[in-house]
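Novice:
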Amino acid sequence: MKLGARMFKTGLGVMLSILIADWLPFVESVIPAFTAIIGLQQTVRGSIDTFFNRVMAAILGGVVAVVMVNFFGNSPIIIGVTVTIFIGILRTLNMANVITLATITLVVIMLRDQDMIITSAIARVVESLLGVTVSLLVNVFVLPPKYDAILYEEVNKTSSEILVRLRAILRKNGEYSTLTSDIAWAENRIAQSHSLYTLLKDENVWSKRKLPMLKRKLVVFRALIVSLEQALALLSVLHTHTNVMFQLPEELRIQIRERIETLCSAHEQIFLKFDGRISPLEVNFFQPTQGYRQDLMDSIFEYAAIKQTATQEEFERSNALMLITGQLVSYEESLIKLNTLIRSYRIHHDEDEYQADSLEGIE
37 MKLGARMFKT GLGVMLSILI ADWLPFVESV IPAFTAIIGL QQTVRGSIDT FFNRVMAAIL
97 GGVVAVVMVN FFGNSPIIIG VTVTIFIGIL RTLNMANVIT LATITLVVIM LRDQDMIITS
157 AIARVVESLL GVTVSLLVNV FVLPPKYDAI LYEEVNKTSS EILVRLRAIL RKNGEYSTLT
217 SDIAWAENRI AQSHSLYTLL KDENVWSKRK LPMLKRKLVV FRALIVSLEQ ALALLSVLHT
277 HTNVMFQLPE ELRIQIRERI ETLCSAHEQI FLKFDGRISP LEVNFFQPTQ GYRQDLMDSI
337 FEYAAIKQTA TQEEFERSNA LMLITGQLVS YEESLIKLNT LIRSYRIHHD EDEYQADSLE
397 GIE
């Protein structure tokens with residue numbers, strides 16, 4: 037079992053909430069502990085954004101509970117009706133993200149002795165605020181999330197797996213069914229990368245001086261994900277049209293294979309550039325290979341040209357070749373853009389370290 041930062045912070049938040057609650061008079065430790073668990077967000081900004089909503093919801097829940105108990109009592113029917121109305125109020129106020137916590141506070145207050153409802157309401161609201169405050173402070177000051185490092189590791193590992201399979205399919209190595217499941221796996225990993233990218237966008241920046249750096253970083257990571265998607269799309273096209281690929285003339289097939297392998301090598305070297313393992317000014321292979329690229333395009337279009345006497349099979353083969361070519365060009369364009377962005381980023385921000393070897397154990 038691997039202990040992640042979020043697991044550790046949840047345990048720490050619960051411990052601190054219980055300890056503080058034990059020191060305060062008229063305060064129980066159950067609600068602060070539950071609130072600390074529920075209140076811990078994935079990002080610092082998420083904790084800050086929801087903090088005030090949680091405070092307002094806890095206070096509102098206390099007020100509603102006192103009013104309903106004083107006027108209608110605390111029978112199970114009244115409590116159920118009150119919960120329904122209270123949830124509707126929170127949704128109207130666009131506070132749906134704090135419904136669980138506020139409703140728990142409301143129900144706990146209403147279940148107390150009717151003669152001590154006001155005292156109980158104040159104590160329960162204080163308990164909720166205690167848990168929310170502790171979870172906020174823990175998330176801000178204890179092991180704040182580093183989603184850039186986690187995202188980079190995710191993209192790097194997924195890219196390595198895709199490039200291995202790209203090289204394998206070019207030599208017809210690997211089973212069709214196995215590659216199908218590998219593509220599905222890669223699609224899931226890319227979806228995870230998009231989720232991490234969203235969390236990175238929500239990362240809180242305390243210093244305005246660091247805001248431009250975060251924006252540049254977001255642009256680079258977006259380009260990393262796009263290039264990853266293009267590599268997977270090329271793999272999917274080759275997988276779908278494997279038979280067409282290996283029915284091409286040997287010379288043309290070798291040209292396509294060498295071009296794809298060149299792009300795979302470039303992709304790997306761009307990662308090394310972002311790692312800081314090679315100079316930002318390296319990986320300029322796109323310029324020297326322009327002539328070779330043009331020869332390849334000429335060969336492809338010459339072979340794909342449809343004559344009036346073409347058979348249905350030749351027509352389908354031509355379409356498949358154009359699909360492969362189009363995705364090959366899209367992948368190349370994404371790498372050119374990625375290379376430019378990373379070169380610029382590394383020239384201005386050479387202090388970042390994203391070596392995947394050093395990222396083990398981060399969550």
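All letters in the sequence shown, in the order written, are residues 37 to 399 by the working numbering.
For glycine and all other residues, C-beta sits at the position ideal for the given N, C-alpha and C.
Being a predicted model, the structure only gives us computed values, none of them experimental.
1. Sorted by chain position, which residues of the same chain lie with C-beta nearer than 6 Å to L52's C-beta, five sequence neighbours on each side aside?
2. Are A159 and F62 close, meaning C-beta to C-beta below 8 Å?
3. Quick one, are the C-beta atoms of V102 and I154 less than 8 Å apart?
4. Which of the three DSSP states is assigned to V119 in this structure?
5. Report yes or no: is there a C-beta of chain C within less than 8 Å of the C-beta of L271?
6. Helix, strand or coil for I398? Go by DSSP, reduced to three states.
7. Can you tell me which of the three DSSP states S213 falls into?
8. Reducing DSSP to helix, strand and coil, say where V178 ends up.
9. Measuring alpha carbon to alpha carbon, tell me which of G210, I226, A302 ends up nearest L187.
10. In angstroms, rounded to a whole number, what distance separates the CA positions of H303 and L371?
11. Using the three-state DSSP reduction, which class does D85 fall into: helix, strand or coil?
12. Going by Cα to Cα distance, which pick from R252, I123, Q150, V262 is closest to V191?
13. Which word fits D184, buried or exposed, when buried means at least 16 other C-beta atoms lie within 10 angstroms of its C-beta?
14. Buried or exposed: N375, going by 16 or more other Cβ atoms within 10 Å of its Cβ?
15. Can you check whether the CB of S83 is closer than 8 Å to the CB of V176?
16. Going by the beta-carbon positions, is the gap between A222 and L268 smaller than 8 Å?
17. Do the segment 70-85 and the segment 137-151 make contact, defined as three or more Cβ pairs closer than 8 Å?
18. DSSP three-state call for V63: helix, strand or coil?
19. On the criterion of 16 or more Cβ atoms from any shown chain inside 10 Å, does E399 qualify as buried, or is it exposed?
Specialist: Inspection of the coordinates gives the following:
1. V170
2. yes
3. yes
4. Judged by DSSP in its simplified three-state form, V119 adopts helix.
5. In summary, chain C is missing from the structure at hand, where a single protein chain is found.
6. Caution is warranted here: a pLDDT of 35 is assigned to I398, below 50, making its placement in the model unreliable, and no coordinate value can be reported.
7. helix
8. In the three-state scheme derived from DSSP, where H, G and I count as helix and E and B as strand, V178 is classed as coil.
9. When only C-alpha atoms are compared, the closest one is I226.
10. 7 Å
11. helix
12. V262
13. buried
14. The residue is buried, with at least 16 neighbouring Cβ atoms inside 10 Å.
15. yes
16. yes
17. yes
18. coil
19. Any reading at E399 needs caution, since the residue's pLDDT is 38, under 50, leaving its predicted position unreliable; the model's value is listed next. So E399 ends up on the exposed side.
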